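**Student:**
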Amino acid sequence: MLVFVIPLKSPQVSKSWQDVCSIFERTLRSVCNQTSSNFKVIVVCNQKPDITYTHPNVIYLVDNFPIPQPKVRFDKERDRTKKMLAGILQAKQLENTTHIMLVDADDCVSNQLAKYVEANPHQPGWLIASGYWYQENSKFVKVMRKAFMNIVALAIFLEQIYTL
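Numbering (the numbering used here), first residue to last: 155 to 318.
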């Protein structure tokens, strides 16, 4: 089973919590649109987002993570990393987890990922080397082939690789 882990920033560090929730809801719909039902989504956050979309495969891991301080260098990155690690630990505890994919709260993903992982359960993982660049509210989507890995790092790894 593929487990998607999505760290979500807290409302206290968001310029617009409403925008964060709206974009996250689009991401969640994208992730949950898998053609196989053999997946879970773990959303790691300080506060559950204000969205209407629900799915039975979504698990919210709400914790009292320290709120990142804007003037503390790398504090936002540290918060994101802590949330990713908490999500990975939770994913490893789920029954039947074979692979884990970290997803940003503003990403959209292929609906074929869970099906592909299900068909290849013993593969160590995959790097996604191309994708699309989309600016919210834009009419354009850009295909990113060469520079995609410099901007975005998308990967699916075998659960055992995440030994913490």
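Glycine is no exception: its CB is placed at the ideal position from the N, C-alpha and C atoms. On a predicted model such as this, the values are computed, not experimentally measured, just so you know.
(1) With burial defined as no fewer than 16 other Cβ atoms inside 10 Å of the residue's Cβ, what is the status of Leu215: buried or exposed?
(2) At the level of alpha carbons, what is the spacing between Asn265 and Lys225?
(3) For Val195 versus Phe219, is the C-beta spacing smaller than 7 Å?
(4) Taking 6 Å as the limit between beta carbons, can you name the residues of its chain near Cys262, skipping five residues before and five after?
(5) I'd like to know if Glu231 contacts chain D, where contact means its C-beta is closer than 7 Å to some C-beta of that chain.
(6) Within 10 Å of its beta-carbon, does Ile254 have 16 or more other beta-carbons around it, so buried, or fewer, so exposed?
(7) The alpha helix (DSSP H) with Met238 in it runs from where to where?
(8) What residues match up with Ile196 in a beta bridge as DSSP calls it?
(9) Grab the span of the beta strand (DSSP E) containing Ile177 for me, first residue to last.
(10) Just to confirm before moving on: does the CB-CB distance between Asp217 and Cys175 stay below 7 Å?
(11) Which same chain residues, not among the five before or five after Asn200, have their C-beta less than 6 Å away from its C-beta?
(12) Given a threshold of 16 other Cβ atoms within 10 Å of its Cβ, counted over all protein chains shown, does Leu281 qualify as buried or as exposed?
(13) Taking only three categories from DSSP, how would you classify Ala259?
**Tutor:** In short, the structure shows the following:
(1) Answer is buried; the Cβ neighbour count reaches 16.
(2) Asn265 and Lys225 have their alpha carbons spaced roughly 39 Å apart.
(3) No, these two residues do not count as a Cβ contact at 7 Å.
(4) Around Cys262: Ser184.
(5) The chain labelled as chain D is not found in the depicted structure, where only one protein chain is given.
(6) If you draw a 10 Å sphere on the C-beta of Ile254, you find 16 or more other C-beta atoms in it, and that means buried.
(7) Looking at the DSSP string, the run of the alpha helix (DSSP H) that includes Met238 is Asp229 to Gln247.
(8) Paired residue(s): Val159 and Ile213.
(9) Counting along the chain, Ile177 falls outside any beta strand (DSSP E), though it belongs to the alpha helix (DSSP H) covering Trp171 to Cys186.
(10) No. Outside cutoff.
(11) Ser164 and Phe219.
(12) Burial call: exposed.
(13) Coil at Ala259, not helix or strand.
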